[in-house]
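Quick note, the sequences are listed as chains W and D, same order.
Residue numbers for the first sequence follow the numbering used here, beginning at 519 and rising by one.
Residue numbers for the second sequence follow the numbering used here, beginning at 519 and rising by one.
There are 2 protein chains.
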Amino acid sequence: MSKNRLQNELKKKRPFDSPQQEALLNILRTNDQFQNRFGRLFREFDLTPSQYNVLRILRGEGKPMPCQEIGERMIQVVPAMTGLLDRLETQGHIRRERCTEDRRVVYIELTDSAKELLQRMDAPVNELHQQLLGHLSPTETKQLSRLLEKARLSVQGKPP
Amino acid sequence: MSKNRLQNELKKKRPFDSPQQEALLNILRTNDQFQNRFGRLFREFDLTPSQYNVLRILRGEGKPMPCQEIGERMIQVVPAMTGLLDRLETQGHIRRERCTEDRRVVYIELTDSAKELLQRMDAPVNELHQQLLGHLSPTETKQLSRLLEKARLSVQGKPP
DNA sequence: TGTAGATAGTTCACGCGTAATGTATCTGGC
DNA sequence: GCCAGATACATTACGCGTGAACTATCTACA
Numbered sequence: 519m520s521k522n523r524l525q526n527e528l529k530k531k532r533p534f535d536s537p538q539q540e541a542l543l544n545i546l547r548t549n550d551q552f553q554n555r556f557g558r559l560f561r562e563f564d565l566t567p568s569q570y571n572v573l574r575i576l577r578g579e580g581k582p583m584p585c586q587e588i589g590e591r592m593i594q595v596v597p598a599m600t601g602l603l604d605r606l607e608t609q610g611h612i613r614r615e616r617c618t619e620d621r622r623v624v625y626i627e628l629t630d631s632a633k634e635l636l637q638r639m640d641a642p643v644n645e646l647h648q649q650l651l652g653h654l655s656p657t658e659t660k661q662l663s664r665l666l667e668k669a670r671l672s673v674q675g676k677p678p
Numbered sequence: 519m520s521k522n523r524l525q526n527e528l529k530k531k532r533p534f535d536s537p538q539q540e541a542l543l544n545i546l547r548t549n550d551q552f553q554n555r556f557g558r559l560f561r562e563f564d565l566t567p568s569q570y571n572v573l574r575i576l577r578g579e580g581k582p583m584p585c586q587e588i589g590e591r592m593i594q595v596v597p598a599m600t601g602l603l604d605r606l607e608t609q610g611h612i613r614r615e616r617c618t619e620d621r622r623v624v625y626i627e628l629t630d631s632a633k634e635l636l637q638r639m640d641a642p643v644n645e646l647h648q649q650l651l652g653h654l655s656p657t658e659t660k661q662l663s664r665l666l667e668k669a670r671l672s673v674q675g676k677p678p
């Protein structure tokens, strides 16, 4: 039997330099694999993960919001938002509207067809959540969230 | 006090649909933040995360290896490797050599300057590992790795 | 041999993340 | 009122991940 799953997965010859390195690589690897699965699901609906993320944020908010606020919730830099929103607009998923009070601000609004698309995706998305993590016990799932939240404490101050 | 850190971070109005969704988003978020930190470190050495990854794999192996094998260890699709290796070759970090027995295969080899570069990076990279995860106890770190490995059990069969 | 299929790598087109820079608009102090 | 700096967004250039289609080479089997 393998003493270490990840080491095996990566065909790594030597053991890890530190438990921290091992945990870090485990995070990266898990993220990649899960992202892949979601990417495939979203593509069936002609969306990329980022596009789906934007739509979800807009639905969660329930009302139009400025570009920047969307970007902040995605850890994403501003320039990326422009092109992302361009494509969503072309696809008819969002509408742009310039704010009358502060003309620098552009408000983004979900279209009805996007809302309907999101609704159709809810079931398969939740199914995938269950498929990916449903085999962990409730305790383990909560424990995992707790550890990741604690891990993130070290990157609190986002330097410019 | 906030009942839920992540919910707060994302300025999410409603609670999560399920503990699974929460854990999934925690993975994505943690990964993004950590990737950012590493990306910044690598950029100081004029490398991207992927490029560093390739160099580390080659050093770990200790001898030249074919493109495909490198790609496999990175969860990465083949086409991306070509461009990645092109840039590494231009920068003088690797050499390409066509195999004489099977002329379809191209072997990749680390140059001496790349080995020296990696060595210079070892200390700062390990420091960052400690900075990011050093505040978890040994038990917590191991627990985190164990949970992530268990989580990945659900994506065993990589479908084509 | 000789031809079909597998395999290694490449090329291309597209979407997205990042940094650097530019443009329009707002706000503050004077 | 006027100008400096902040702010919101757009534009450009580059690297990289993905899928689809292509080339060169090897292997198997008739």
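The C-beta atom is built at its ideal place from N, Cα and C for all residues, glycine as well.
DSSP-derived helix/strand/coil call for residue i
i              : result
P584 (chain D) : strand
I612 (chain W) : strand
L528 (chain W) : coil
I593 (chain D) : coil
G578 (chain D) : helix
D620 (chain W) : coil
P567 (chain D) : helix
N522 (chain W) : coil
H647 (chain D) : helix
Q637 (chain D) : helix
P642 (chain W) : helix
Distance between residue j and residue i (C-alpha atoms, nearest Å)
i              : j              : result
R555 (chain D) : E619 (chain D) : 43 Å
R670 (chain D) : G589 (chain D) : 19 Å
K614 (chain D) : S631 (chain D) : Note that residue 614 (chain D) corresponds to Arg in the displayed sequence, not to Lys. The straight-line gap from Cα to Cα measures roughly 15 Å.
Q525 (chain W) : Q551 (chain W) : 16 Å
P678 (chain W) : F560 (chain D) : Summary for P678 (chain W): the model assigns pLDDT 40, below 50, so the residue's position carries little reliability; its value from the coordinates is reported in the next sentence. Near 17 Å, if we compare the C-alpha coordinates of F560 (chain D) and P678 (chain W).
R574 (chain W) : D604 (chain W) : 17 Å
E579 (chain W) : F534 (chain D) : 14 Å
E540 (chain D) : E667 (chain D) : 18 Å
P582 (chain W) : M599 (chain W) : 15 Å
I612 (chain D) : E634 (chain D) : 12 Å
R558 (chain D) : D564 (chain D) : 10 Å
S663 (chain W) : N644 (chain W) : 18 Å
S536 (chain W) : R547 (chain D) : 23 Å
S568 (chain W) : E562 (chain D) : 28 Å
N571 (chain D) : R616 (chain W) : 43 Å
Element boundaries [alpha helix (DSSP H), containing residue i]
i              : result
V596 (chain W) : V596 to T608
L665 (chain D) : P656 to R670
P702 (chain D) : The shown model of chain D, from 519 to 678, leaves out residue 702 (chain D), and the question about it has no answer.
Unbroken beta strand (DSSP E) run spanning residue i, endpoints
i              : result
I626 (chain W) : V624 to L628
inquiry  = Could you check whether the stretch 642 to 657 of chain D touches the stretch 637 to 657 of chain W, counting it as contact only if at least three pairs of C-beta atoms, one from each stretch, sit closer than 8 Å?
reply    = no
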